[in-house]
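One line per chain: the protein sequences are W and E, in this order. In terms of the numbering used here, the first sequence opens at residue 8 and continues consecutively. In terms of the numbering used here, the second sequence opens at residue -12 and continues consecutively.
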Amino acid sequence: MKDKENQKLNLSSRLKSTAERVSAAKEATEKRGETFYQGPSGIHLASHPPFERWGDWMELDSRAWPTKKERRYALIPTTCFNCESACGLLAYVDKDTNQVTKFEGNPEHPGSRGKNCAKGPATINQITDPDRILFPLKRAAGRGENKWEKISWDTALDEIAAKLRSSITAGRKDKIVCHIGRPGEDGFTERVFASWGVDGHNSHTNVCSSAGRAGWHYWTGMDRPSADFANAKVIFLVSAHLETGHYFNPHAQRITQARERGAKLIVLDTRLSNTATHADYWLSPYPGSEAAIHLAIANYLIQNGLFDREFVRKWWNWQEWLASERADLPQDFESFISLLKETYAPYTFEYAASESRIDEKVLVEVAEIVASAGAKFASHIWRSAAAGNLGGWQISRTLLLINALLGAIASEGGTYPNAWNKYVPKPIYTPPHPDVWNELSWPSDYPLSMNEMSFLLPHLVGQGRGSMDVYFTRVYNPVWTNPDGMAWIDMLLDESKVGCYVALTPTWNETSYFADYVLPMGHSSERHDLASYEQYDGQWVAFRQPVLRTYANSQGAEVRDSRETNPGEVWEENEFWIELSWRIDPDGSLGIRQYHESKKNPNTKLTVEEYYEYIFENSVPGLPDRARKEGTTPLGYMQSHGAFEITTKVGQIFAELVPDKELIETSVSQLGRVYTKAEKPLSTNIVPTGDPDPDPDGKRPVGIVVDGEIRRGFPTPSGKLEFYSKTLAEWGWKDQAIPNYIKSHIHPDSLEGDQMVLISTFRLPVQIHTRSANSKWLDEIAHTNPVWINPIDAKRLSIKETDLVRVNSEIGYFVAKVWITQGIRPGVVACSHHMGRWKFSDANNSLTMRRVELNSDGPKRNLIPKSPPQPYTSSDPDTSRFWWNDVGVHQNLIFPVHPDPISGMHCWHQAVSVEKAHPGDEFGEVHVDLDKSKAVFERWLRMTKTAYEVSPDGTRRPRWLMRPLKPTKRASQLQPADSPR
Amino acid sequence: MTTQGSATLVAQAEVAMALAEVSEGVVPSQALLDALGMDIEECGITNTILVNELPPFASIYLSQDGNIGGQSHAEIAGFYLAISARVPPNPDYLSSLLYLLGQILKKEAEFLDIDIDIDKPRAKAIENAKFTLVRHHLAPWLVPYLLRVKQLSGSENPVWAELGLDLISSILRPGIPRSLERDLDQPTQEPIQAFGDSAEFITWVTTPALSGVIVAPADLARMARDLGLATRIGRKRFVLEGLTQQDGRAILGAFDRFVATQRDLYLARSAEFDVLHSWCYRSVTTQKRIRATLEME
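So, in structure tokens, the structure goes:
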């Protein structure tokens, strides 16, 4: 018997030790990017070439079939540039031709894990696009006449630098603006402008995600969610985020993981999106009613005691709210709970059902599932509902209320603030923030706006509030992307408003036709950038690089400028900005050059190699050690692997104890905020967060007292989750200081008799804003945008599937095709953005853009289609094979600006009337009245409370709120003489 | 949090998948061989045995009609669906089955770790799927099969065969009902009879579900050599036909001895694997039929 037991023990230990050895071997193998278990034939494809063989990878040439012709490749990693999430790509560089032949996933990338959506591999279309811009061009006739001459980079740089120098030396620092579309590297462009001393950064965020961010920021001091989908029990998505927003690939794969384990997926989307089709619960609310649903769920949790009381007691700033609302009550937690119950009691399921038009029973069922998740409740919101509605930022804020009630903040399976799942390494230079405030980008009318009011530029300039000496767009196309594109065209055509317009773009776009200089910029395999985005509970950095340059250097060449290996004279932005900065300040007298100089070789230009060498050697923890183990340099490691994971399981940073060394001569506010005289410890992670003000003695906020211990807390003024935003209360919006429901501008009460709601805030995952049209594969998949209409509405309006319709907004109309579908609720129509690309001639941009004519008559503008895209002969034989000529309609032209008075976000949803097209109407035509668009702008402007009216401390904007460039205190003070009203 | 239970499951999964890899018939990575304590030569021998001596390595051993595909194939496909995995084109062969087992074990471990209570029935279903797969589709043939691999390899301890036995033992050990076999659990009740002719004998001894023995070409070659008979190249059935035509009685005698060795092989491990009792029983039946035939002649 004993022998038998021993035998069993031996067997067991053999099994155990073998398993341990196999696990270790698997981990080591998979870390190298190899597939350890190939699996039995047919179970899965061997996914990726093993890292050891990236230097010399062989594949059979498919075009030589049936001959087995071997082709040898060097696999060079980079990151995708076709949305923000920066998924890993592997460029296959053919060793015979020295050209990239395809892109596949990079298994070394911890976010995308070797997977890609269709946009990644389609990079090959973009770099081989026969219509791309290959040389610097200068306008050769009147602006907008689309006549160009090829110029050298030297000429372009000298001429633009001279204009910039002139503005800077003349003190016209607020006259330089750069409008950013696709972000490249976190903070790079901002630092360039800081080095010039200008407040010139102008993002596209207020037509994108700023409302979603605002809701988060007022709660947490950070501005976007990082949901831990993979470990969640319940996933709650407001919007068709997975396909319409960024992060489709990294998020979808983790949501799939969770669902395989049984997690429930709830999707709120008026439209039946691809994501909704996969959901356990698809809720199709009346647009704008989402906050009412969130509050009904929150109320259910509150009234039934289904929330995490301890979490709320410790981490909410409930004391501030209680003191503000009911100073008469005992200032204790029980009084707070009573007040909370009383405050949210009106948000019943019945009320939410009446607002959202969703069956009350379904809402109850969903609330029960949400309650069952506990801290494993992962929610996400980005654009969609938040971006569509007046008060959309409260949709984001009320969603986070549910997380905050459940304690699902930075919990496993919950939702993290992005800043804790992101790593922005400190670069070689961090120039000081400018001593100037750009009133065009940050007008005092919108003191609480989360981001620059970029989409108002034509109207603000039109009101005479300012002009621009030099206006850059960087991979951005405001004429086509922004609302009110005709107003943009008018502004760009007026040289007294825009002195010089420089378009930095890889491809032709509708705005670049109005430029003075069009400068060709690289796609993902042609440029340097460093990226890090929230995709799971971890922190990583990924390296975008010009792969042919890296390959050439690995073969012994000495390429020191990306233009040498890029097609034509295509450049990368980092080198461009460094060179331009030198030409603005050639002798260093303006103090600009110092931030673009080599530290190794003083008085010489900083190279991108040195720039990244510095970052990788000094600012990415763990990377130098890892590189050493592989016998390479940190830069060499990133060039060969493409990504590095710094840490995982970041956890609840807010609950960490503040170390004693940070607690010097501390003071503690009445509400427990702890301030210290200790210097902020140096950190190599400069990820932006809120920056709460110091106390009156200049001590910095360091933590928060919770149950007698000093914890790190949140980067908010109170140090806690701000259920109650004192900032909002003090800046004129006390009624919106707690999570609340704001009735949208397209609420049924605001619609006229025949009006419906138009949803325009969605797209398919294969689309890449402006650059889709230059990717033939993606365009073939999705190239048109019919108006979705419910059969009930179609019948009411006598519309058939083959009909054209007119969609009339406040300022004009477009003519489009229809798709009659039950995927949209009655009373609502939907039309995808990212469609309706146009051009002036067949000479440029032949690919999938319709040739049009723009006409004007007084305030009236129209866009008339002239000819659809046709197959044509080019270096790419596929251009003669295009089978589609319907490229959709440019709907954004008929959208007036709708700036939310608090967040500043453009509220995209439109009240429209839909009718059958009139005789003579042509598919794709658009008509706009600019007088009407101006009137709408002025109406929305009147909804604001300007800083001059409400600022409690004479500043233009609460100092603690995030801002890409943060002007000095002096520049942040209101100057009464400047008041625009 | 990883529990002790899930750690065990993960270890079992790891071994199952590693064994799947080395039984695939292609040379696995050196890292895997090192982890298993195998050298490339041993891997080669093992694969030679699988490919040359003991094909097919699938649950055909459970089927009295001896067909590949069909019922077992369909049943095994169901296990893939149970874990939401894609059914491979050929789900029923050793490597595929072990890989499937590994996937199920991993899935079970995940459920243990995450403690999802919304879907408890699903967690239980995964555990049931594991036991059913092992009890009905793996253990009944893989245990004697691996013993044969060991025996034919000429080595005292071919690593992967012994690890495979360890793995099955570790899964079935804790509180699993005794009567595990599916097709094997109903031993033939007919009275022992002599074989009617050589065709019946050949069909019987080449159908493991009937005979309780797994015959390899090497066994037949050895018998021929020992008996001084000529042999031929071909499937076992044809080889046996050739041998019985030369000296049927001698072949019956050789099989009598061979079946006895197989019975001893099973008896040595029957305390550990209940399933071997059925194999033992069938081998004894075979031996009795052989002896009845010899006596009749």
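Glycine residues also receive a C-beta, built at the ideal position from the N, C-alpha and C atoms. Treat the numbers as computed from the prediction; the structure is a model and nothing was measured.
query	result
Contact between the segment 665 to 683 of chain W and the segment 578 to 592 of chain W (3+ Cβ pairs under 8 Å)	no
Proximity of W:T828 and W:W795 at Cβ, strictly below 8 Å	yes
From W:P666, W:H841, W:K733, residue whose alpha carbon lies closest to that of W:D786	W:H841
Unbroken beta strand (DSSP E) run spanning W:H186, endpoints	183 to 187
W:S233, buried or exposed, once every other Cβ within 10 Å from all chains shown has been counted against 16	buried
E:D234 in three-state terms, based on DSSP	helix
Check: W:T405 C-beta below 7 Å from any heavy atom of the ligand FAD	In the structure on display, the ligand FAD does not appear, and there are no ligands present to speak of.
Helix, strand or coil at W:F930 according to DSSP, with G and I counted as helix	coil
Test: W:K23 CB closer than 8 Å to a CB of chain E	yes
Range covered by the alpha helix (DSSP H) that runs through W:T405	399 to 413
Where W:E541 falls: helix, strand or coil (DSSP)	coil
Residue from E:V136, E:R250, E:R219, E:G183 with nearest C-alpha to E:E282	E:G183
Residue from E:V121, E:Y67, E:A196, E:A217 whose Cα sits closest to the Cα of E:I238	E:A217
Beta bridge counterpart(s) of W:Q106 as assigned by DSSP	W:D101
Cα-Cα separation between W:L511 and W:L144, rounded to whole angstroms	11 Å
N- and C-terminal bounds of the alpha helix (DSSP H) containing W:D864	Taken as a continuous stretch (DSSP letters only), W:D864 belongs to no alpha helix (DSSP H), being part of the beta strand (DSSP E) at 857 to 864.
Distance, W:S532 Cα to W:A53 Cα	Note that W:A53 scores a pLDDT of 48, beneath 50, so its modelled location is shaky and nothing firm can be said.
Whole-angstrom distance between W:I901 and W:V933, CA atom to CA atom	7 Å
Among W:T723, W:G469, W:V486, W:I300, the one whose alpha carbon lies nearest that of W:P424	W:T723
Supposed contact pair W:W915 and W:A394 - C-beta distance, whole angstroms, cut 8 Å	6 Å
Any chain E beta carbon closer than 8 Å to W:V6	Absent from the structure is residue 6 of chain W, since the part of chain W shown begins at 8 and ends at 988.
Counted within 10 angstroms of its Cβ, other Cβ atoms place W:P439 as buried (16 or more) or exposed	exposed
Inside the segment 572 to 634 of chain W only - beta strand (DSSP E) runs reaching at least 3 residues	none
Where the segment 57 to 87 of chain E meets chain W: residues whose CB sits under 7 Å from a CB there	S71, P75, P76, N77, S82, S83, Y86
Same chain, Cβ closer than 8 Å to E:L41, neighbours up to 5 away in sequence not counted	Y132, R135, V136, L139, I201, A203
Neighbouring residues, chain E, relative to W:S30 (Cβ below 7 Å)	E1
Nonlocal neighbours in the same chain, by C-beta distance under 7 Å from W:P878, ignoring five residues either side	T886, S887, R888, F889
Where the alpha helix (DSSP H) through W:T162 begins and ends	160 to 176
Nearest-angstrom Cα separation, counted from E:V226 out to E:T280	20 Å
Within 8 Å, strictly: CB atoms of W:N610 and W:N213	no
Beta-carbon proximity list for W:S848, same chain, < 8 Å, skipping 5 on both sides	N153, R858
Chain-ordered chain W contacts of E:S257 [CB-CB under 8 Å]	Chain W residues near E:S257: none, gap ~13 Å exceeds 8 Å.
Delimiting residues of the alpha helix (DSSP H) encompassing W:I788	783 to 788
Distance between W:V245 and E:E29 (C-alpha atoms, nearest Å)	57 Å
Proximity test, Cβ basis, 8 Å: E:M210 and chain W	no
As assigned by DSSP and simplified to three states, the class of W:G469	helix
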